[in-house]
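>
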Amino acid sequence: MTATLTKPGTKPATRPAAAGGKKSTTILVTGALVVATLYFLVPVYWVVVASTKTTGDLFGTNGFAFAANFNLWNNLAQVLSYDGGIFVRWFANSVLYAGVGALLATYIAAAGGYALAKYTFRGSNLVFGIILGGVLVPGTATALPLFLLFSQLGLANTYWSVLLPSLVSPFGLFLCRIHAQATVDPALIEAARLDGAGEIRIFHTVGLRVLTPALVTVFLFQLVGVWNNYFLPLVMLSDTRLYPITLGLNNWLSQVNRLPEFYQLTTGGVLLSIIPLALAMIVLQRFWRGGLTEGSVK
Amino acid sequence: MTTTSLKARREATAAVPARRRRNGATTRAPWLLLAPFLALFLLTFILPIIVAVISSFTKVTRRGLFGEQGISSGFAGFSNYAQALADGNFIGSIGRMLLFGVVQVPVMIVLATVLALLLESASARWPGLFRAAFFLPYGVPGVIATILWSFLYVPGLSPLYSIASAFGLSPDFLGPHSVLWSIANIVTWSYTGYNMLIIIAQLKAIPGEVYEAARMDGASPVRVASSIQLPLIRPALVLTTIFSIIGTLQLFAEPQVLQSVSSSIDSQYTPNLSAYTTAFAYNDYNVAAAQAVLIAVIAFALSFAFLAITNRKSS
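Protein chains in written order, with the numbering used here: chain A, 1 to 298; chain B, 1001 to 1315.
Encoded structure:
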């Protein structure tokens, strides 16, 4: 809400030198940005080209130019059907870990952040301090001991072993607390109380609705975080059918030295896996920026 | 949920005792809301940290050749830490990451800052389009990014070699000396756009009057960047640098994946790879736990040292 209020005001103000911008500087600046774009997009372009080639053409023709033989559909069909469609299963696993994990993590972080912001109770500062420490603990430091713990509980090498750690977002709780403090009006809560609504119900009806912009940011952070996570599933999972897409594709890459046709499977798989994420990034980056700005302003 | 709302409705009718019971509800409610988070936080953060610290001080002794006569564990003091620190390869991997960080982190932060300033300058055309293009790699998982770049590093597959030879160069992206910088390139490619967005967020928070005043004084765009924008985005630069320092010490996916195409990366190339190998190849969980604790402690120490230096400079 604050973002929509501040944006119209700041937008023209933050680009003030427009009148002074000369044509030569515009060309120079835009040129530099184009060069940077080339750097960021070249690997993606390469994989698009490579996935349209046969294994022979992959090694025999220029990597940045399309070959005469257009083999894309064949390659993709192979990716989707190899080993009984294991790629589709990996993709579904990633969607489960990242999608369901991020959704629940956002809800749990919102409830916690709202509680810490809107109630004064004994121990709240201690609890918040400990959770804040959790923001600084790197995920890879806890992955190994988590594996030891989970294997004693019989949870290692199950869906739960990756899903449960994905449900916790200390950073998300931190963001939600900041937003709840700034945006959830105490008068609104008091009004709901006078209407006879229970505390938990007030959170669901008033809190969640007002927090929605922050929740989008928390959800996106957690979604990308879990989708990109590699160390945790690598440590936890040994059954290839439970693999997320990252582990699965690395499994294919590790076989290219023995069987070169795995190059074709891997490039096709990489292409299929980055399309949805690339689209999501392009569409969602505006929410991302909005969320970060709000967090930093307050 | 229905019971609490029913109770609340009953309370609303009886005003005075309701307030007292209401207090009971408001003391219970925050803990109820916090409960799911705290339970999971305990399971996936607190307990693993306790497990790691305890097992780093534990020694497991197997009696008999294969431990068939029973296994006993006892307090080991600092012997696991001593063993981890005496391992030249582990220390070497930390040194390698420090070298990596000293070069890669400044390059990436400078690149991100320059791109952010250019995008926010009025001279840039299509800023939204460029921003999306720069941010796109962040959505590509580290593993996939490494697979992508590994194709561009493999001789025979990569068009970069033929382009380089046209300029009279013969690079070896996967050689023992250059592979570290090939990894640095992947990390830079992945995270520059993300850091750039954090910096842009801070740039947008600079009030318009500041620019107005600078223009009145006739400041050039370069002058505006150096004396207004750079000092004001300091918090964002400190934040991104600290995250990058922590990230550098955690480096794992990139070298682990590149192992399949480069023989220059051994099983102890980075600290995390070393801990992973100790745990799963040597099955020595106690020394691995000591290594994990050491990595976290070094990351904390470096972050705090960096914070202390930047704070002293500003005061």
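Every residue gets a Cβ at the ideal spot worked out from N, C-alpha and C, and that includes glycine.
Name the DSSP bridge partner or partners of residue 1060 (chain B)?
Answer is B:1073.
> Listed in chain order, which residues of the region 1033-1045 of chain B have Cβ atoms closer than 9 Å to some Cβ of chain A?
Flagged, chain order: 1033, 1034, 1035, 1036, 1037, 1038, 1040, 1041, 1043, 1044 and 1045.
> What did DSSP end up calling residue 335 (chain A) once you bin it into helix, strand or coil?
This structure gives no information on residue 335 (chain A), because the portion of chain A shown stretches from 1 to 298.
> Could you work out which residues of chain A lie near residue 1152 (chain B), taking near to mean beta carbons separated by less than 9 Å?
Near residue 1152 (chain B) (Cβ distances below 9 Å), the residues of chain A are 42, 43, 46 and 63.
> So, are the CB atoms of residue 1235 (chain B) and residue 1202 (chain B) less than 8 Å apart?
Closer than 8 Å, so yes.
> Tell me the start and end of each unbroken alpha helix (DSSP H) in the region 1249-1300 of chain B that is at least 4 residues and wholly inside, in chain order.
As far as the region 1249-1300 of chain B is concerned, its whole alpha helix (DSSP H) runs of at least 4 residues are 1253-1258 and 1271-1280.
> Mind pulling the alpha helix (DSSP H) runs of 4 or more residues that sit fully within the region 1092-1155 of chain B?
Listed in chain order, they are 1127-1135 and 1142-1153.
> Is DSSP giving residue 138 (chain A) helix, strand or coil here?
Looking at residue 138 (chain A) - three-state DSSP - the assignment turns out to be coil, as it is neither helix nor strand.
> Please list the segments of the alpha helix (DSSP H) lying wholly inside the region 101-127 of chain A, counting only runs of 4 or more residues, in order along the chain.
Runs found: 101-118.
> With 16 other CB atoms within 10 Å as the buried threshold, where does residue 161 (chain A) fall?
Buried is the call here.
> Which bits of chain A does residue 1125 (chain B) rub up against, with CB to CB less than 7 Å?
The answer, in chain order, is 26 and 30.
> Rounded to the nearest angstrom, how far is the Cβ of residue 110 (chain A) from that of residue 211 (chain A), given a contact under 8 Å?
With a Cβ gap of about 6 Å, residue 110 (chain A) and residue 211 (chain A) count as contacting.
> Would residue 1032 (chain B) pass as a contact of residue 200 (chain A) if the rule is Cβ separation under 8 Å?
Their beta carbons are under 8 Å apart, which means residue 1032 (chain B) touches residue 200 (chain A) by this criterion.
> Can you list, in chain order, the residues of its chain whose CB lies under 7 Å from that of residue 1287 (chain B), leaving out five sequence neighbours each side?
Here the set comprises 1080, 1083, 1084 and 1278.
> For the region 137-154 of chain A, which residues have a CB atom closer than 7 Å to at least one CB atom of chain B, in sequence order?
Listed by position along the chain: 137, 138, 140, 141, 142, 144, 145, 146, 148 and 149.
> With C-beta atoms as the reference, is residue 1224 (chain B) less than 8 Å away from residue 1214 (chain B)?
Against a cut-off of 8 Å, the Cβ pair of residue 1214 (chain B) and residue 1224 (chain B) comes out as a contact.
> Assuming the contact rule is C-beta atoms closer than 8 Å, residue 40 (chain A) and residue 1136 (chain B) should be a hit. Round their C-beta distance to whole Å, please.
Confirmed, about 7 Å.
> Since residue 1052 (chain B) and residue 138 (chain A) are thought to touch, with beta carbons under 8 Å apart, how far apart are those beta carbons, to the nearest angstrom?
That pair is no contact at about 12 Å.
> Please confirm whether residue 1246 (chain B) has its beta-carbon closer than 8 Å to some beta-carbon of chain A.
Closer than 8 Å: yes.
> Cutting at 7 Å between CB atoms, please list the residues of its own chain near residue 1146 (chain B), excluding the five before and the five after it.
Once the five neighbours on either side are set aside, the close Cβ partners of residue 1146 (chain B) are 1186, 1253, 1254, 1257 and 1258.
> According to DSSP, is residue 1185 (chain B) part of a helix, a strand, or is it coil?
Correct three-state label for residue 1185 (chain B): helix.
> Does DSSP classify residue 179 (chain A) as helix, strand or coil?
Looking at residue 179 (chain A) - three-state DSSP - the assignment turns out to be helix.
> Per DSSP, what kind of secondary structure is residue 278 (chain A) in: helix, strand or coil?
It is helical.
> Which bits of chain A does residue 1158 (chain B) rub up against, with CB to CB less than 9 Å?
46 and 63, listed in chain order.
> Need the endpoints of the alpha helix (DSSP H) that residue 36 (chain A) sits in, please.
23-50 is the span of the alpha helix (DSSP H), which, as asked, contains residue 36 (chain A).
> Can you pull out the residues from the region 1084-1115 of chain B whose beta carbon lies closer than 7 Å to at least one beta carbon of chain A?
The region 1084-1115 of chain B vs chain A, Cβ under 7 Å: 1115.
> What residues from chain A crowd round residue 967 (chain B), counting only those whose CB sits closer than 9 Å?
Residue 967 (chain B) is absent from the model: chain B starts at 1001 and stops at 1315.
> Would you mind telling me which residues of chain B sit closer than 9 Å to residue 257 (chain A), beta carbon to beta carbon, in chain order?
Simply 1260 and 1261.
> Count the other CB atoms, across all protein chains shown, that sit within 10 Å of the CB of residue 1216 (chain B); report buried if there are 16 or more and exposed otherwise.
Exposed, since its Cβ has fewer than 16 Cβ neighbours within 10 Å.
> Go to residue 1165 (chain B), then tell me how far its alpha helix (DSSP H) extends in each direction, as first and last residue.
That run of the alpha helix (DSSP H) goes 1160-1166.
> Kindly say whether residue 82 (chain A), judged by its beta-carbon, lies nearer than 8 Å to any beta-carbon of chain B.
It does not: the Cβ of residue 82 (chain A) has no partner Cβ on chain B nearer than 8 Å.
> For residue 184 (chain A), collect the residues of the same chain with a Cβ closer than 8 Å to its Cβ; drop the 5 residues on either side in sequence, then sort them by chain order.
114, 117, 118, 206, 207, 210 and 211.
> Check the Cβ-Cβ distances between residue 1316 (chain B) and every residue of chain A, and say whether any is below 8 Å.
Residue 1316 (chain B) falls outside the range modelled here, since chain B spans only 1001 to 1315, and no answer is possible.
> Identify the contact partners of residue 1149 (chain B) in chain A, using a Cβ-Cβ distance below 7 Å as the criterion.
What residue 1149 (chain B) touches in chain A: 43.
> If we ignore side chains and look at the alpha-carbon of each, how far apart do residue 322 (chain A) and residue 69 (chain A) end up?
The displayed coordinates of chain A run from 1 to 298. Any statement about residue 322 (chain A) would go beyond what the structure contains.
> Output the boundary residues of the alpha helix (DSSP H) element that contains residue 166 (chain A).
It spans 159-166 - the alpha helix (DSSP H) in which residue 166 (chain A) sits, taken as one unbroken run.
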